[in-house]
Amino acid sequence: MRSECTLARALRLPAIALAGTLFATGAFAAPPKPAAAPKPEAAKPAAPQPLTAETLWKLARLGAPTISPDGASAVVAITRYDLEKDKGLTDLWLVPTAGGEARQLTTHEAADSSPLWSPDGNWIAFSSQRDGDDAPQLYLLPVAGGEARRLTQVPTGAGAAKWFPDSSRLAFTTRIWEDLPSWEDQGKRLKERKESKVSARVWDRPPVTSWDHFVDDRKAHLYSIAITGGEPVAITRGSGRSLGAEGGSFDISPDGTEVAFTTDIDPTGVDSNHDVFVIPATGGTPRNLTTDNPASDGNPLYSPDGRYLAFSRQTIKGFYADRARLVLHDRAAGTNRVLTDAWDRSVDGLVWTPDSTALYGAIDDAGTIRIYRIDAASGAPTPLTAERSFSGLALAADGKTLVAIRESFVEPPTLVRVDLATGAATQLSTFNDELLA
Numbered sequence: 482m483r484s485e486c487t488l489a490r491a492l493r494l495p496a497i498a499l500a501g502t503l504f505a506t507g508a509f510a511a512p513p514k515p516a517a518a519p520k521p522e523a524a525k526p527a528a529p530q531p532l533t534a535e536t537l538w539k540l541a542r543l544g545a546p547t548i549s550p551d552g553a554s555a556v557v558a559i560t561r562y563d564l565e566k567d568k569g570l571t572d573l574w575l576v577p578t579a580g581g582e583a584r585q586l587t588t589h590e591a592a593d594s595s596p597l598w599s600p601d602g603n604w605i606a607f608s609s610q611r612d613g614d615d616a617p618q619l620y621l622l623p624v625a626g627g628e629a630r631r632l633t634q635v636p637t638g639a640g641a642a643k644w645f646p647d648s649s650r651l652a653f654t655t656r657i658w659e660d661l662p663s664w665e666d667q668g669k670r671l672k673e674r675k676e677s678k679v680s681a682r683v684w685d686r687p688p689v690t691s692w693d694h695f696v697d698d699r700k701a702h703l704y705s706i707a708i709t710g711g712e713p714v715a716i717t718r719g720s721g722r723s724l725g726a727e728g729g730s731f732d733i734s735p736d737g738t739e740v741a742f743t744t745d746i747d748p749t750g751v752d753s754n755h756d757v758f759v760i761p762a763t764g765g766t767p768r769n770l771t772t773d774n775p776a777s778d779g780n781p782l783y784s785p786d787g788r789y790l791a792f793s794r795q796t797i798k799g800f801y802a803d804r805a806r807l808v809l810h811d812r813a814a815g816t817n818r819v820l821t822d823a824w825d826r827s828v829d830g831l832v833w834t835p836d837s838t839a840l841y842g843a844i845d846d847a848g849t850i851r852i853y854r855i856d857a858a859s860g861a862p863t864p865l866t867a868e869r870s871f872s873g874l875a876l877a878a879d880g881k882t883l884v885a886i887r888e889s890f891v892e893p894p895t896l897v898r899v900d901l902a903t904g905a906a907t908q909l910s911t912f913n914d915e916l917l918a
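Using my numbering, the letters of the sequence shown map in sequence onto residues 482 to 918.
Shown next, in the form of structure tokens:
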């Protein structure tokens, strides 16, 4: 088993040496010189090589980045594949946002993914299935240095984590059987299903499948857990609402007292309508915020000042490809205002600016995914980037540093820093440079 690397190690910046050579010409009176030997032909540039399947499998895959509160560093999950072993390996890497050498943070044989920097800057939470874990669990890596430790021990697995604003807790989702009261019972049924010789399944209602896989009889629910460990606290279980069979999106209010989540309110499974609900962070009765729309709403995101809850809205019921509009819910007034109804683009990948005056989004736009800035008062969209595609936006708490994943037909996913004034992107990661040279 490989050991952990610490984050406290300083980055070594390569020294750059500059040298120059001066040449002087001879005087007119100097004796004639022998003829100079012919200069060798300049080396021809290497011919372009075909992009083979083997080359594609050698490319490092980058996950969505997380950024430190001060904007100085980003952490990204890097996946590499070993063709001979037919195995992928995912580790976490620390990349300075001002440029410099990346540092590997985890070197475990298990896949370490989905990093999340804590708001206080002290922890990096991530998902992994290590050392006998039956399902992926949440782990905590101290930024000051030290080994990662397991936080959750949930037999059904923990995923889609988010930090509470005070960094004392994490919320996560897990798919459970609602008729089983204890984690022990959940684990027993999982074991029975795994060891059963019967592979046939029976459905008495939709959904039967979700895209490329069958849906089982579990429901996704929200829990929270303290960073010191202990028993997870149920948020949605027992409330009469879940996050559905596959799990919906959720967010935590800036004061940590409320959680917004999405779920399909259609009991038949054939007339889908996802709504946005809010519920106390310690559990309670959920309240529907989107009864004004018969189609689907989703992706809730609280503004940093706590005044608004942003979310996306479709207006054609049952049409998954309908345009997604940006809506702001005024939490005090209880009203919903559509910001981008006249804009013929779908909003996605949104992050708030720290002053709550605007949102940045990764917007599908004429064959690329461009970064736009959307004004929270008027809804006016302003393009920030012009070429290539961007995703995984992460904005520092001070609003000065934005990192993202950039890619195109000629560039694999690459971590970049985006200038908020000009939209210029500076490459930060070099994981595939040598392979593509």
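Cβ coordinates follow ideal geometry from the N, Cα and C atoms, glycine included.
Enumerated in chain order, which unbroken segments of the alpha helix (DSSP H) with a length of 4 residues or greater are wholly contained in the region 519 to 563? 534 to 539
Measuring only the C-alpha atoms, how far is PHE742 from ALA652? 12 Å
Skipping 5 residues on each side, what residues in its chain have a beta carbon closer than 7 Å to that of ARG722? THR744, PHE758, PRO767
Determine the direct distance from the alpha carbon of LYS700 to that of GLU659, and round the result to whole angstroms. 7 Å
Beta-carbon proximity of ILE733 to LYS643, cut-off 9 Å: yes
Label PHE871 either buried or exposed according to how many other C-beta atoms from any shown protein chain fall within 10 Å of its C-beta, with 16 as the threshold for buried. buried
Throw me the rounded Cβ distance for the ALA920 and GLN618 pair, which I believe falls under 8 Å. Residue numbering for the chain in the displayed model covers 482 to 918; residue 920 lies beyond these limits and cannot be assessed.
Limits of the beta strand (DSSP E) - the one that ASP756 falls within: 755 to 761
C-alpha distance - ALA905 paired with LEU661, whole-angstrom precision: 53 Å
Assess, as a yes-or-no matter, whether the region 892 to 911 is touched by the region 862 to 882 under the definition of 3 or more beta carbon pairs within less than 8 Å. yes
As assigned by DSSP and simplified to three states, the class of ASP593: coil
LEU790 vs LEU820 beta-carbon contact at 9 Å: no
For my contact list, THR637 and GLN667 are in at a C-beta cut-off of 8 Å; report their separation, rounded to the angstrom. 5 Å
Since THR578 and ALA553 are thought to touch, with beta carbons under 8 Å apart, how far apart are those beta carbons, to the nearest angstrom? 6 Å
contact_flag[the region 824 to 834, the region 799 to 808] where n(CB pairs < 8 Å) is 3 or more: yes
When the distance is taken between beta carbons, is LEU543 closer than 9 Å to THR587? no
Going by DSSP, name the residue or residues bridged to SER889. GLU892
Cβ-based burial, GLN795 [other Cβ within 10 Å; buried from 16]: buried
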